[in-house]
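Chemist: Take this structure first; my questions come after.
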Amino acid sequence: MTDDLMIEMQEKFDEIKTMVEGLAIDQNISLYTLDDETLISSIESMVKESEILDQQLKIQSLTGEAKVKKSIEQYNVQYQRLRDEKVSLRQRLAEIQAIDKSSISQYIAQNKSQITKAAIEEAAKIVESRSSVTKRDIDRIYLLSLKKQIKTYLLNFISTLINKN
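For the sequence shown, the numbering used here gives the first residue as -6, with consecutive numbering after it.
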C-alpha cells in the first residue's frame, strides 16, 4: 500500500508540475530552470493569487449587493413619496368636490359687479387693439372675458376654501 500511495502522490505532483510548466510557458520562463523548490514556490504563489482573486470577487459581489440594496431603498423612498402625494391629491379632490354648488353661485353673485367690470375692461383692451370690430366680435370677446374672469374668481374661491382647511 505504501507503493500505491507513493505512486498516487507522484502522479499528483506530476499533474501540478504540468500545470506550473504550462504557466511557465505562458510567462516565458525556461522549463530547464524549474527545480522542485521553484515548482513549490510557484504553486504557493498560484495559491496566493487564487486567494487574492477570491477576495476580490467577494468584495465585488458585496459592492454589487450594496448598490442593489441602495437602489431598492431609493426606489422605495420614491414610491412612498408618490403614494403620499397620491393620498394628498385625493384629499384635495375630495375637498374640491365637497364645495357646495350653491356656495359657488352665491360667491359669483356677491362678486358679480367685480367680475363684470374686469370682463368689460379686458374686452375693451382687446377691442381697442383691433382695427375693425363687429358687434358680434364685441359680444364674443366680452363672453370670453367674462368666462375667464369667472374662472379666475372661482379658482381664487376654491383655493381660499382649501387653504382654510
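Glycine residues also receive a C-beta, built at the ideal position from the N, C-alpha and C atoms.
All values derive from a computational prediction rather than experimental measurement.
Please classify Y146 as buried or exposed, where buried requires at least 16 neighbouring CB atoms within 10 angstroms.
Modeler: As a position in the sequence shown, residue 146 is number 153, starting the count at 1. Label assigned to Y146: buried.
Chemist: Of all the alpha helix (DSSP H) runs that stay within the bounds of the stretch 107 to 135, which reach a length of 4 or more residues?
Modeler: none
Chemist: In angstroms with no decimal places, state the Cα-to-Cα distance between L(-2) and K41.
Modeler: The residue given as residue -2 occupies position 5 in the sequence shown. The residue given as residue 41 occupies position 48 in the sequence shown. When the Cα atoms are used, L(-2) and K41 turn out to be separated by approximately 27 Å.
Chemist: Using three-state DSSP, classify N156 as helix, strand or coil.
Modeler: Sequence index remark: in the sequence shown, residue 156 carries index 163 (1-based). It is helical.
Chemist: Quick check: what's the CA-CA separation for N156 versus G57?
Modeler: Position 163 of the sequence shown holds residue 156. Position 64 of the sequence shown holds residue 57. Roughly 47 Å separates the two Cα atoms.
Chemist: Does the stretch 63 to 76 come close enough to the stretch 97 to 115 that 3 or more CB-CB pairs lie under 8 Å?
Modeler: no
Chemist: From L46 to M2, what does the alpha carbon distance come to, in whole angstroms?
Modeler: Position 53 of the sequence shown holds residue 46. Position 9 of the sequence shown holds residue 2. A straight-line Cα-Cα distance of about 28 Å links L46 and M2.
Chemist: Would you check if the distance between the CB atom of I143 and the CB atom of I108 is smaller than 8 Å?
Modeler: Locating residue 143 in the sequence shown gives position 150, counting from the first residue. Locating residue 108 in the sequence shown gives position 115, counting from the first residue. Taking 8 Å as the Cβ cut-off, I143 and I108 qualify as a contacting pair.
Chemist: Establish whether the CB of I9 and some CB of chain B are separated by less than 8 Å.
Modeler: Absence of chain B from the displayed structure is noted, only one protein chain being present.
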